[in-house]
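Participant: Submitted below is the structure of interest, expressed as C-alpha cells.
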Amino acid sequence: MAGVIPIAYRNSSSSPDWLNKGDNAWQMISATLVGLQSMPGLVILYGSIVKKKWAINSAFMALYAFAAVWICWVIWAYNMSFGDRLLPFWGKARPALGQSFLVAQSELTATTVRYHNGTLEADMLHPFYPAATMVYFQCMFATIIIIILAGSLLGRMNIKAWMAFVPLWITFSYTICAFSLWGGGFLFQWGVIDYSGGYVIHLSSGIAGLTAAYWVGPRSASDRERFPPNNVLLVLAGAGLLWLGWTGFNGGDPYSANIDSSMAVLNTHICASTSLLVWTLLDVFFFGKPSVIGAVQGMITGLVCITPGAGLVQGWAAIVMGILSGSIPWYTMMVLHKKWSFMQRIDDTLGVFHTHAVAGFLGGVTTGLFAEPVLCNLFLSIPNSRGAFYGGDGASQFGRQITGALFVIAWNIVITSIICVLVSLVLPLRISDEQLLIGDDAVHGEEAYAIWAEGELNDITHHGESRHSGIAVGVTQNV
1 MAGVIPIAYR
11 NSSSSPDWLN
21 KGDNAWQMIS
31 ATLVGLQSMP
41 GLVILYGSIV
51 KKKWAINSAF
61 MALYAFAAVW
71 ICWVIWAYNM
81 SFGDRLLPFW
91 GKARPALGQS
101 FLVAQSELTA
111 TTVRYHNGTL
121 EADMLHPFYP
131 AATMVYFQCM
141 FATIIIIILA
151 GSLLGRMNIK
161 AWMAFVPLWI
171 TFSYTICAFS
181 LWGGGFLFQW
191 GVIDYSGGYV
201 IHLSSGIAGL
211 TAAYWVGPRS
221 ASDRERFPPN
231 NVLLVLAGAG
241 LLWLGWTGFN
251 GGDPYSANID
261 SSMAVLNTHI
271 CASTSLLVWT
281 LLDVFFFGKP
291 SVIGAVQGMI
301 TGLVCITPGA
311 GLVQGWAAIV
321 MGILSGSIPW
331 YTMMVLHKKW
341 SFMQRIDDTL
351 GVFHTHAVAG
361 FLGGVTTGLF
371 AEPVLCNLFL
381 SIPNSRGAFY
391 GGDGASQFGR
401 QITGALFVIA
411 WNIVITSIIC
421 VLVSLVLPLR
431 ISDEQLLIGD
441 DAVHGEEAYA
451 IWAEGELNDI
461 THHGESRHSG
471 IAVGVTQNV
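When we follow the UniProt record's numbering, the leftmost residue of the sequence shown carries the number 1, and every step to the right adds one.
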C-alpha cells in the first residue's frame, strides 16, 4: 500500500498539468473570505447597526442581494464583466455554466498599450486554475458591492423595489465598471490602476448609494433624528469579519499565491489599523470620548483606501494612506456633511458615500502618487507603471487615476438614476408611512428580538388583536 499514489496527486483529467494546487486553493480561500464579508459579515453588521425595528429588514436586504447576484452572475453578468468585448466598456452577455468553459484553464484579457512611438501588445494570461475558480472569486465582489450600496437605503426602501433594483443595477452599472477597469475595457487598456476595487467596488457603491438615496427619499423624521444601533457588540462582530475578510479581498487579486499577494495583505492591515487609530483620536480630540461605531468607520475607510493600490505601494505609503483615510472621510462625514445643505437633503443611512466613495476616490488618487515601479511590474501588464512620486510617467498616471474616477462617478449617477426612475414606474421605491412607523413587523411580519420594544405591533399582549395577525402564518414562532 505504501506505493499507492493518492488520486489528488495522480496525473489525471481532474489534475491537469497546468493546475497549480496552491494557487487554486488560495484563490478559492480568498473568494470565500470575501464571501464571508457579506455572509454573515455585513448581514450581522447591518442587522445590528440600525434601529431595532429595522434589524430584520436591513439584514434581509443583504441576504436577498447575495442570492440574486449569484444567479445573475452565472447566467449573464460574468461574461459581461470579464468575457469577450462587445463595446470598449462592456463585454458580451453569455452564461458561465457550461462544463467545457468552467473546467478549462482560466483566462485574463490581453493588453494593448498605445505609446506615442508605437503599440505594445501583451499576450492573454492564463492563471493556473480553472475558470470555475475565477467565476467564483469574481462573483464574491459582485455580491458585496450591491450589499454595500444597500447601506445607503436602510430603513425605508420598499423591499419589492429592492428586489427589482438589484439585478438591474448589477447588469447595467457594475458590469460596465468591472469590464472597463478589470476586464480589458478602455480604462484597463489605458492604464488606470484599480488593484482590487477602490473604483469598481467602493467608489461605485458609494456614488450609486447616494444617488439611489436621493430617489428613494429620506427615512421618517423620527428615525433620522434618533437611529441608535440595536447591538453594538454585534456591530463589532460584523466589522471583524469584514476586516479579516479583506485579507482575501486584496490578497486574492494577483490571481496567484505570490509575493505581490503577500504585500497586498500586509499593506491592507497596516492601512486599516492606522486609519482606525486616526479616526478614534479625532473623535477623542473633538468629542471627548472614543466611539466604537466611529472606530468601525475608520477601519472601513482604511480598508477601502488601500484597496486600489494594496499590492503596489510600500509599507510607509500604506501608513500615509491610513492617516489620510482616517482624517479626510472623518471630516466629510462629521463636519462637511452637516454644513452642506445638499448633503443634508439626502439621507445616506450609514454614510456609505463617506466611507466608500470618498475613501475609494482618495485611495485611487494616492495610488497614482505612491505606486512603486518594482511592485507595479510584479502585477500590472502595462510596463513601467509608477506613481507621480517616482517621477517618469508618474504624473500621467496620476491624471489617468483622476479620469478613471470621473468616469465611474458619472456612469453610476446616470445609470442608477435611470434604474430608480424605471423601477418607480412599476413599484413604489419607498414603503408607506405606516410601515415606516412600525418597521420589521409591517414589512416582514417578524421581529428581531422577542422583547417588548418599539415596532413590535404584532405582540397582542400589548396591542390586543393585531392588525396584521395573519401576516406571520407559516413563519417559525418558537426557536
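Every residue gets a Cβ at the ideal spot worked out from N, C-alpha and C, and that includes glycine.
Give, in chain order, every unbroken run of the alpha helix (DSSP H) that is at least 4 residues long and sits entirely within the stretch 362 to 434.
Facilitator: For the stretch 362 to 434, whole alpha helix (DSSP H) runs of length 4 or above, ordered along the chain, are 373 to 379, 394 to 426.
Participant: Just tell me which of 230, 87, 268, 231 has its CA closest to the CA of residue 196.
Facilitator: Taking only the C-alpha atoms, the option nearest residue 196 is 268.
Participant: Does the distance from the C-beta atom of residue 257 to that of residue 22 stay below 8 Å?
Facilitator: Yes; because the gap between Cβ atoms is below 8 Å, this pair is in contact.
Participant: Residue 346 to residue 210, Cα distance in whole Å?
Facilitator: Going by the C-alpha atoms only, they are around 7 Å apart.
Participant: Since residue 278 and residue 298 should fall inside the 8 Å C-beta cutoff, what is the C-beta to C-beta distance between them, to a whole number of angstroms?
Facilitator: Right, the Cβ-Cβ distance comes to about 7 Å (below 8 Å), so this counts as a contact.
Participant: What residue from 132, 219, 35 has the CA that sits closest to residue 69's CA?
Facilitator: For the residues 132, 219, 35, the minimum Cα distance to residue 69 belongs to 35.
Participant: DSSP three-state label for residue 90, please.
Facilitator: Looking at residue 90 - three-state DSSP - the assignment turns out to be strand.
Participant: Please determine, among 350, 319, 427, 425, the residue with the shortest C-alpha to C-alpha distance to residue 149.
Facilitator: The residue with the shortest Cα to Cα distance from residue 149 is 350.
Participant: Have a look at residue 154 and residue 50 and give me their C-alpha separation to the nearest angstrom.
Facilitator: The alpha-carbon atoms of residue 154 and residue 50 are separated by roughly 8 Å.
Participant: I need the DSSP call for residue 157, collapsed to helix, strand or coil.
Facilitator: The answer is strand: DSSP assigns residue 157 an E or B state.
Participant: Quick one, are the C-beta atoms of residue 314 and residue 364 less than 8 Å apart?
Facilitator: The answer is no: Cβ separation not under 8 Å.
Participant: To the nearest angstrom, how far is it from the Cα of residue 17 to the Cα of residue 127?
Facilitator: Their Cα atoms are separated by approximately 12 Å.
Participant: Please report the straight-line C-alpha distance between residue 457 and residue 442, rounded to a whole angstrom.
Facilitator: At residue 457 the pLDDT is 48, less than 50, meaning the model places this residue with poor confidence; the figure from the coordinates comes in the next sentence. C-alpha separation (whole angstroms): 8 Å.
Participant: Taking just the CA atoms, how far does residue 408 sit from residue 416?
Facilitator: The straight-line gap from Cα to Cα measures roughly 12 Å.
Participant: Could you give the DSSP three-state label for residue 282: helix, strand or coil?
Facilitator: Of the three classes helix, strand and coil, the one that applies to residue 282 here is helix, per DSSP.
Participant: DSSP on residue 85, reduced to helix/strand/coil?
Facilitator: Residue state, collapsed to three classes: strand.
Participant: Expressed to the nearest angstrom, what Euclidean distance is found between the alpha-carbon atoms of residue 290 and residue 194?
Facilitator: Straight-line Cα distance between these residues: approximately 33 Å.
Participant: Which of helix, strand or coil does DSSP assign to residue 19?
Facilitator: If DSSP states are grouped into helix, strand and coil, residue 19 belongs with coil.
Participant: Provide the residue span of the alpha helix (DSSP H) that contains residue 444, from first to last.
Facilitator: That run of the alpha helix (DSSP H) goes 440 to 444.
Participant: Quick test of your reading: residue 232 and residue 292, contact by CB under 8 Å. State the CB separation rounded to the nearest angstrom.
Facilitator: Right, the Cβ-Cβ distance comes to about 5 Å (below 8 Å), so this counts as a contact.
Participant: Assuming residue 202 and residue 43 are in contact, meaning their beta carbons sit under 8 Å apart, how far apart are those beta carbons, in whole angstroms?
Facilitator: Rounded, the Cβ-Cβ distance is 19 Å, inconsistent with contact.
Participant: For residue 40, which three-state DSSP category applies?
Facilitator: Looking at residue 40 - three-state DSSP - the assignment turns out to be helix.
Participant: If you reduce the DSSP assignment to three classes, tell me which class residue 218 lands in.
Facilitator: Coil, per DSSP.
Participant: Exposed or buried, what is residue 25 when buried is set at 16 or more other beta-carbons lying within 10 Å of its beta-carbon?
Facilitator: Burial call: exposed.
Participant: With 16 as the cutoff for other CB atoms within 10 Å, does residue 63 come out buried or exposed?
Facilitator: Answer is buried; the Cβ neighbour count reaches 16.
Participant: Flag this pair as yes or no: are the beta carbons of residue 96 and residue 448 separated by less than 8 Å?
Facilitator: In this structure, residue 448 does not lie closer than 8 Å to residue 96 by Cβ.
Participant: Counting only the same chain and skipping the five closest in sequence on each side, list residues whose C-beta sits under 6 Å from that of residue 204.
Facilitator: Answer for residue 204: 177, 408, 412, listed in chain order.
Participant: According to the Cβ coordinates, are residue 428 and residue 161 closer than 8 Å?
Facilitator: Yes, these two residues count as a Cβ contact at 8 Å.
Participant: Say yes only if the C-beta of residue 87 is nearer than 7 Å to one or more non-hydrogen atoms of the ligand HEM, and no if none qualify.
Facilitator: Although the ligand HEM was asked about, the structure shown includes no ligands whatsoever.
Participant: Measuring CB to CB, does residue 376 end up less than 8 Å from residue 325?
Facilitator: No, the pair does not count as a contact, with Cβ atoms beyond the cut-off.
Participant: Does residue 418 pass the burial test, meaning 16 or more other C-beta atoms within 10 Å, or should it be called exposed?
Facilitator: Burial call: exposed.
Participant: Would you kindly check if the distance between the Cβ of residue 406 and the Cβ of residue 387 is under 8 Å?
Facilitator: Result no, Cβ atoms of residue 387 and residue 406 do not sit closer than 8 Å.
Participant: Residues bridged to residue 105 by DSSP?
Facilitator: Bridge partners of residue 105: 130.
Participant: Please name the residue or residues paired with residue 125 in a DSSP beta bridge.
Facilitator: Answer is 108, bridged to residue 125.
Participant: From residue 99 to residue 78, what does the alpha carbon distance come to, in whole angstroms?
Facilitator: If you take the alpha carbons of residue 99 and residue 78, they lie about 15 Å apart.
Participant: Return the CA-CA distance between residue 436 and residue 107, expressed in angstroms with no decimal places.
Facilitator: Looking at the two C-alpha atoms, the distance is approximately 48 Å.
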